[in-house]
Each structure stands twice: as C-alpha cells, then as structure tokens.
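UniProt numbering applies: residue 1 is where the sequence shown begins, and numbers increase by one.
For each residue, glycine too, the CB sits at the ideal point set by N, CA and C.
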Amino acid sequence: MPFKTLTDLYFDNKIQVIPPRALTFFGYLNELEKTLKTPGLIDLDEADLMTILFGASRAAIVVIESPLKEITGKLRRTLRQVKAKKADGAIFHVIGDENMTLSDVNDVAETIYTVLNDKANIIFGAAIDEEMKRTVRVLIILVNRDE
Numbered sequence: 001m002p003f004k005t006l007t008d009l010y011f012d013n014k015i016q017v018i019p020p021r022a023l024t025f026f027g028y029l030n031e032l033e034k035t036l037k038t039p040g041l042i043d044l045d046e047a048d049l050m051t052i053l054f055g056a057s058r059a060a061i062v063v064i065e066s067p068l069k070e071i072t073g074k075l076r077r078t079l080r081q082v083k084a085k086k087a088d089g090a091i092f093h094v095i096g097d098e099n100m101t102l103s104d105v106n107d108v109a110e111t112i113y114t115v116l117n118d119k120a121n122i123i124f125g126a127a128i129d130e131e132m133k134r135t136v137r138v139l140i141i142l143v144n145r146d147e
C-alpha cells in the first residue's frame with residue numbers, strides 16, 4: 001500500500017503519545033509535505049528529496065519566514081548558526097506571494113549557495129502562495145554524509 005503522507009512513511013500511524021519536541025518535528029514534516037504537493041514556479045518532488053537524503057547520516061530542517069526585504073539577512077545568520085558550511089547536500093524551497101519575482105528567488109538562492117559548502121549537492125524549488133502577504137518562507141533541509 002503506498003504511503004499517503006510523510007508522517008505515514010516515518011511513523012506508520014503507530015504513535016499515540018507525541019512528546020512536545022516531536023510536535024516541532026511534525027510541524028516541519030507538514031511544511032515539507034505541503035512543499036512537495038504544491039505546484040510552483042520550480043517544482044520539487046519526492047525524487048528530489050530522496051536524491052538529497054540518500055546516504056545521509058544527519059539532517060537539519062530549517063524554516064524561516066520573514067518579510068522579503070529581510071529574508072536574506074535572516075537566512076545568512078541562521079545558516080551560519082546551524083553550521084551549514086559542513087553540509088554536503090541541501091534542498092530548499094522558497095514560497096512567497098504574487099509580488100515575489102524570480103529575481104527575489106535568485107537572491108535567496110545566492111544567499112544559500114554562498115553559505116553552503118562549495119561541493120554540496122543542492123536542489124531548489126519556488127512557489128507562489130497568495131496568502132503569504134509580502135512574506136517569504138524558506139524551507140531548507142541540510143544533510144551530511146559521514147565518510
């Protein structure tokens with residue numbers, strides 16, 4: 001039977017009591033699931049996700065939401081805090097309102113590329129969500145493969 005959601009994939013609906021820290025994890029999974037199911041300017045799918053996650057020993061999920069003018073600064077600071085330079089793979093998705101342009105997506109992508117490892121395998125996508133109201137949300141999954 002195929003999986004219906006990412007939480008089915010990871011938990012097979014057997015968890016009954018969810019500790020508070022797991023709620024954050026479920027929130028991230030929900031964001032990721034919405035990202036993969038939302039058609040966009042540049043689509044991401046499960047194959048993209050599996051390309052990045054395959055062979056990973058560690059992963060970090062970062063979700064940043066900010067006004068468009070402030071997003072690149074917040075991204076830079078947050079990615080330095082999580083030591084993104086050590087990541088050898090990343091997938092990210094940029095979501096903004098109808099005022100977001102491909103140039104804005106490019107600014108976000110350049111910010112992420114400059115903070116990550118030069119040899120990192122990077123995949124990205126972008127989508128428009130009219131409910132964002134002059135706000136941009138960036139979901140990033142960073143992975144590391146121990147050698």
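Excluding the 5 residues flanking residue i on each side, which residues of the same chain have their C-beta closer than 7 Å to its C-beta?
{"i": "S57", "result": "N144, R145 and D146"}
{"i": "E31", "result": "V63 and L139"}
{"i": "R76", "result": "T111 and V115"}
{"i": "K74", "result": "I64 and S66"}
Are residue i and residue j close, meaning C-beta to C-beta below 8 Å?
{"i": "A59", "j": "D88", "result": "no"}
{"i": "D97", "j": "D45", "result": "no"}
{"i": "D43", "j": "I123", "result": "no"}
{"i": "T111", "j": "T72", "result": "yes"}
{"i": "I64", "j": "V138", "result": "yes"}
{"i": "L41", "j": "A127", "result": "yes"}
{"i": "L68", "j": "D118", "result": "no"}
Helix, strand or coil: how does DSSP classify residue i here?
{"i": "A84", "result": "helix"}
{"i": "I66", "result": "Note that residue 66 corresponds to Ser in the displayed sequence, not to Ile. DSSP places S66 in strand when its eight states are reduced to three."}
{"i": "R134", "result": "coil"}
{"i": "A120", "result": "coil"}
{"i": "N99", "result": "coil"}
{"i": "A56", "result": "coil"}
{"i": "L139", "result": "strand"}
{"i": "G73", "result": "helix"}
Using 8 Å for Cβ pairs, my map puts residue i next to residue j. What's the rounded Cβ distance?
{"i": "I141", "j": "I52", "result": "6 Å"}
{"i": "K86", "j": "V115", "result": "At roughly 11 Å, the Cβ-Cβ gap does not stay under 8 Å, so K86 and V115 are not in contact."}
Based on Cα-Cα distance, which residue from the options lies nearest to residue i?
{"i": "K34", "options": "F92, R76 and Q81", "result": "F92"}
{"i": "E131", "options": "M50, N99, D107 and N106", "result": "N99"}
{"i": "residue 150", "options": "V94, Q81, K83 and A90", "result": "There is no way to answer for residue 150, as the model of the chain reaches only from 1 to 147."}
{"i": "L36", "options": "T101, V94 and K133", "result": "V94"}
{"i": "D107", "options": "K133, E70 and P39", "result": "E70"}
Tell me which same chain residues have a C-beta within less than 6 Å of the C-beta of residue i, skipping the five on either side of it?
{"i": "L79", "result": "V115"}
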